[in-house]
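Engineer: One structure coming up, written as structure tokens, with questions to follow.
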Amino acid sequence: MPTPTKQTKRKFGLLDFVRIILVLVILCALGVIAYRLWDYKIGTDRYNQLQQQAVQPVEPVQEESPEEGFVPLDIDFDTLREEGPDIIGWIDFDSVEISYPIVYSGDNSYYLRRLWDGSYNQAGTLFLEGNNQSLNDLHAIVYGHNMRNGTMFAPLKEYLDPEFFAANGGWFTLYTPEGAWRYQLFSIHEAEPDDPLYTVGFVVGDEYTEFLKTLREARLYDTGVTVYSDDHVLTLSTCTDDGNDRIVAHARRAEAVELP
Numbered sequence: 007m008p009t010p011t012k013q014t015k016r017k018f019g020l021l022d023f024v025r026i027i028l029v030l031v032i033l034c035a036l037g038v039i040a041y042r043l044w045d046y047k048i049g050t051d052r053y054n055q056l057q058q059q060a061v062q063p064v065e066p067v068q069e070e071s072p073e074e075g076f077v078p079l080d081i082d083f084d085t086l087r088e089e090g091p092d093i094i095g096w097i098d099f100d101s102v103e104i105s106y107p108i109v110y111s112g113d114n115s116y117y118l119r120r121l122w123d124g125s126y127n128q129a130g131t132l133f134l135e136g137n138n139q140s141l142n143d144l145h146a147i148v149y150g151h152n153m154r155n156g157t158m159f160a161p162l163k164e165y166l167d168p169e170f171f172a173a174n175g176g177w178f179t180l181y182t183p184e185g186a187w188r189y190q191l192f193s194i195h196e197a198e199p200d201d202p203l204y205t206v207g208f209v210v211g212d213e214y215t216e217f218l219k220t221l222r223e224a225r226l227y228d229t230g231v232t233v234y235s236d237d238h239v240l241t242l243s244t245c246t247d248d249g250n251d252r253i254v255a256h257a258r259r260a261e262a263v264e265l266p
């Protein structure tokens, strides 16, 4: 009668340890990705809800709109400020998916990862430069994230392509409780975070004229848009995809919008 073979227990080795670590790393990575996707969805849903609450398209008062595709909006700032007291404006592009509130707190870091009501979200909120006094400053700057899901200021990347600009133009509307204005992009380029273009506090004069010249000369291509020495300029700034530099778009105030 054969003798039963004694089974030997396999020892837990280095390879097993490495496998467990790899599995844990993969699970953690999947968890981070799932959280970010969920956070992106929450941010997108919240912005859509806010837009439904306080923003409605209206028929323009002008018989003919100067730019094809322009549809004025009726912005209920009372409702917006109930949701977020720091909301000071709304920006709406004609040709790309940028239509968001703008906030101001005086702190350039507060709204980086907060929605307009102060709740945490990776998308953050578009915010006015802390050293600006208002969106009506001669040169005002608005910052926003270049989100990987294509929201916030991510569509500004499209304007790095001169063919896109030629086909779509660079028009948008800025709404505030005091009024609404049409803006047109005149210079798009990349810049370092400490570039002098982030200077504010100008008054009309030689220094401002020279500043406008610098913005025009920095452009990646000729937009064909003329800028005048007393123009109000709104600069929109977001990160490049690698996060090291900035995509910057400068726009001149073209005209006031007459709303019902």
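According to our numbering, the sequence shown is numbered sequentially starting from 7. The beta carbon of each residue, even a glycine, is placed where N, CA and C say it ideally should be. Just so you know, these numbers come straight off a predicted model, no measurement behind them.
1) Label G185 either buried or exposed according to how many other C-beta atoms from any shown protein chain fall within 10 Å of its C-beta, with 16 as the threshold for buried.
2) On the DSSP bridge assignment, give the partners of E261 in chain order.
3) Work out the CA separation of T244 and S71 for me, nearest whole Å.
4) Start and end of the beta strand (DSSP E) containing T244?
5) In the DSSP output, which residue or residues are listed as bridge partners for H151?
6) Could you please give the first and the last residue of the uninterrupted alpha helix (DSSP H) stretch that includes F83?
7) What are the partner residues of A197, as DSSP defines its beta bridges?
8) Three or more C-beta pairs closer than 8 Å, one from the segment 244 to 256 and one from the segment 197 to 210: is that the case here?
9) If you measure between the beta carbons of G95 and L134, is that distance less than 9 Å?
10) Enumerate in chain order the residues of its own chain whose CB-to-CB distance from A160 is below 8 Å, with the five nearest sequence positions on each side excluded.
11) Using DSSP with H/G/I as helix, E/B as strand and the rest coil, what is A60?
12) Which partner residues does S105 have in the DSSP bridge list?
13) Apart from the five residues just before and just after V263, which ones in its own chain have a Cβ nearer than 7 Å to its Cβ?
14) Going by C-alpha to C-alpha distance, which of D236, T182 and E196 sits closest to D212?
15) Between V148 and I97, is the Cβ-Cβ spacing less than 9 Å?
16) May I have the straight-line CA-CA distance separating V64 from I48, to the nearest angstrom?
17) Starting from the Cα of P107, find the closest Cα among E216, T85 and E198 and give me that residue.
18) Measure the C-alpha to C-alpha separation of V231 and S111 and round it to an integer number of angstroms.
19) Between S140, Y126, F76 and S193, which lies nearest to I93 when the distance is taken from Cα to Cα?
20) Alpha helix (DSSP H) containing T215: first to last residue?
Structural biologist: Let's see:
1) exposed
2) R188
3) Confidence in S71 is poor, its pLDDT being 48 and thus under 50, which makes the residue's placement unreliable; the coordinate value appears in the next sentence. One C-alpha to the other measures close to 29 Å.
4) V239 to C245
5) Bridge partners of H151: none, in fact.
6) F83 to E89
7) R252
8) Three or more Cβ pairs drawn from the segment 244 to 256 and the segment 197 to 210 lie within less than 8 Å of each other, which places the two stretches in contact.
9) Contact: yes.
10) H151, N152, M153, R154 and T244
11) helix
12) D98
13) P78, T179, A186, W187 and R188
14) D236
15) yes
16) Approximately 28 Å between the Cα atoms of the pair.
17) T85
18) 32 Å
19) S140
20) D212 to E223
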